[in-house]
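These notes are about the structure you will find just below.
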Amino acid sequence: SQQGEEDPQALSIQEGENATMNCSYKTSINNLQWYRQNSGRGLVHLILIRSNEREKHSGRLRVTLDTSKKSSSLLITASRAADTASYFCATGGSGGSNYKLTFGKGTLLTVNP
Amino acid sequence: DTAVSQTPKYLVTQMGNDKSIKCEQNLGHDTMYWYKQDSKKFLKIMFSYNNKELIINETVPNRFSPKSPDKAHLNLHINSLELGDSAVYFCASSQMDSGNTIYFGEGSWLTVV
């Protein structure tokens, strides 16, 4: 069964604005990861946050994790047209199992120049 | 150099045919995967191999048979192709003891007509 659910399904913003995407999941996790997929391409890993972390930064990306609410958010600041892509959250099972990383359906982000 | 490479990138074939998709990773990873992405962009794991041994075999028809000749290769053979097999198939790899990041190939677009 699907683990992560991204929200919204689609988001359209202007260049320079911030974009926030949310992910909810159902069972306990060891870590949560965010990936980006450009149209017609493979997925690219963006950031990983472990279950004992609450916030993590990487460049213009900020990820939060609330294990009590089983949710995570990805914030992209000062967006650029090149950020246009689908963004997926993926959850790694408890016990550190990476064999079954479960992906959500993704948020399609469009950044208009 | 491409870290995870898969061939062919595009494949159009008739129902009932047998086809293979090849995957190679040059990252020295010990775990490889096959994922299927449907038309709604839902990404689902099919198989996972660790050190050439099958770890995960999700509910996939037995027409799909993975084969790992060595740690760097994981090929996917599909028998008696059906219309519903049309999708994008992604090969991926990871190293289990280093952060759980999964590296994806660029995908193989399979169209069954």
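Protein sequences, first through last, are from chains A and B. The first sequence begins at 1 in our numbering and counts up by one. The second sequence begins at 1001 in our numbering and counts up by one. We put the CB at the ideal spot given by N, CA and C, even for glycine.
Straight-line gap, residue i to residue j (C-alpha atoms, nearest Å)
i, j, result
"Leu1074(B)", "Gly16(A)", "42 Å"
"Tyr87(A)", "Asp7(A)", "10 Å"
"Met1046(B)", "Thr1059(B)", "7 Å"
"Asn112(A)", "Met21(A)", "17 Å"
"Gly1028(B)", "Ser12(A)", "39 Å"
"Ser1094(B)", "Glu1053(B)", "14 Å"
"Leu1110(B)", "Gln14(A)", "35 Å"
Min CB distance residue i to chain A below 8 Å
i, result
"Leu1074(B)", "no"
"Met1059(B)", "First, the amino acid is wrong: residue 1059(B) is Thr here, not Met. Judged by the 8 Å Cβ criterion, Thr1059(B) is not in contact with chain A."
"Gly1028(B)", "no"
"Ile1056(B)", "yes"
Proximity to residue i [Cα-Cα], best of the options
i, options, result
"Lys1036(B)", "Ser1094(B), Gly1084(B), Met1096(B)", "Gly1084(B)"
"Phe103(A)", "Asn52(A), Val44(A), Ser68(A)", "Val44(A)"
"Cys23(A)", "Thr84(A), Lys69(A), Ser79(A)", "Lys69(A)"
"Ala82(A)", "Ala10(A), Gln37(A), Asn31(A)", "Gln37(A)"
"Ala78(A)", "Gln9(A), Arg62(A), Tyr25(A)", "Arg62(A)"
"Lys56(A)", "Arg41(A), Tyr25(A), Ser39(A), Leu32(A)", "Leu32(A)"
"Ile49(A)", "Gly40(A), Asn30(A), Arg41(A)", "Asn30(A)"
9 Å Cβ cut-off: residues of chain B touching residue i
i, result
"Lys105(A)", "Lys1040, Lys1041, Phe1042, Leu1043"
"Ser86(A)", "Lys1041"
Proximal residues to residue i (C-beta, below 7 Å), its chain only, five neighbours per side dropped
i, result
"Asn1051(B)", "Asp1030, Lys1071"
"Asn1104(B)", "The question names Asn, but residue 1104(B) in the sequence shown is Phe. Excluding sequence neighbours, Phe1104(B) sits near Val1004, Phe1090, Ala1092."
Own chain, CB closer than 8 Å to residue i, minus 5 neighbours either side, in chain order
i, result
"Asp1018(B)", "His1077, Ile1078, Asn1079, Ser1080, Leu1081"
Per-residue contacts from residue i into chain A (C-beta, under 9 Å)
i, result
"Ile1102(B)", "Gln33, Tyr35, Leu43, His45, Ala90, Asn98, Leu101"
Residue-level contact to chain B via CB, residue i, 8 Å cutoff
i, result
"Leu74(A)", "no"
"Ser1(A)", "The predicted position of Ser1(A) is uncertain, since its pLDDT is 44 and thus under 50; no value can be drawn from it."
"Leu48(A)", "yes"
Within chain A, partners of residue i - CB distance below 7 Å
i, result
"Gly1016(B)", "Under the 7 Å cutoff, chain A gives no residues; its nearest Cβ is about 28 Å from Gly1016(B)."
"Glu1106(B)", "Arg41, Gly42"
Chain-ordered neighbours of residue i on chain A, where CB pairs are closer than 8 Å
i, result
"Phe1090(B)", "Gly42, Leu43"
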